[in-house]
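*Asks:* In my numbering, the protein residues as written are -13 to 97.
Even glycine gets a Cβ: it sits at the ideal position worked out from N, Cα and C.
Let me begin by handing over the structure; questions about it come next.
Structure follows, in C-alpha cells:
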C-alpha cells in the first residue's frame, strides 16, 4: 500500500465510497456503474475507479476514514451520502449479508 495519504475532494470521496458499495457483494453490475457515473463527471469517475481497483477492502476503508476527517460534513450531506449508498445497495433489489455488513462498517466510520 502507498503510505502517502491521498487527499480527495468530497466528490472524489463520494465516488470512492459508492464504488466500495457496488463491490460489497463482489458482483459489480453495469447498472451500479452507470448509477455511480450519473453522480460525477467522467474524469473523476475514471480517477477514482482506477484507484479503487488497486486497493484491498482494508485499504479502501482506511482511505475513506483518513479522508473523512479532512472534510466537515453536515448532517444533510451525510444523509444524502447514505441515501446514495442505499441506491447502490438496492439497485439489484436485494440487500445481501455482505452489503449489510459493509453498511454497518461505513455507518460507524461516517458517524
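1) Please state the DSSP three-state secondary structure of residue 9.
2) How about residue 6 and residue 64: do their beta carbons lie closer than 8 angstroms?
3) Three or more C-beta pairs under 8 angstroms: does that hold for the stretch 51 to 60 against the stretch 7 to 17?
4) By alpha-carbon positions, which one of 9, -5, 46 and 55 ends up nearest to residue 30?
*Replies:* Quick answer:
1) Stepping through the chain shown from its first residue, residue 9 is reached at position 23. It is coil, neither helix nor strand.
2) Stepping through the chain shown from its first residue, residue 6 is reached at position 20. Stepping through the chain shown from its first residue, residue 64 is reached at position 78. Contact check for residue 6 against residue 64 fails: the beta carbons are separated by 8 angstroms or more.
3) Flag = no, the stretch 51 to 60 and the stretch 7 to 17 do not touch.
4) Locating residue 30 in the chain shown gives position 44, where the first residue counts as 1. Sorting 9, -5, 46 and 55 by C-alpha distance to the C-alpha of residue 30 places -5 at the top.
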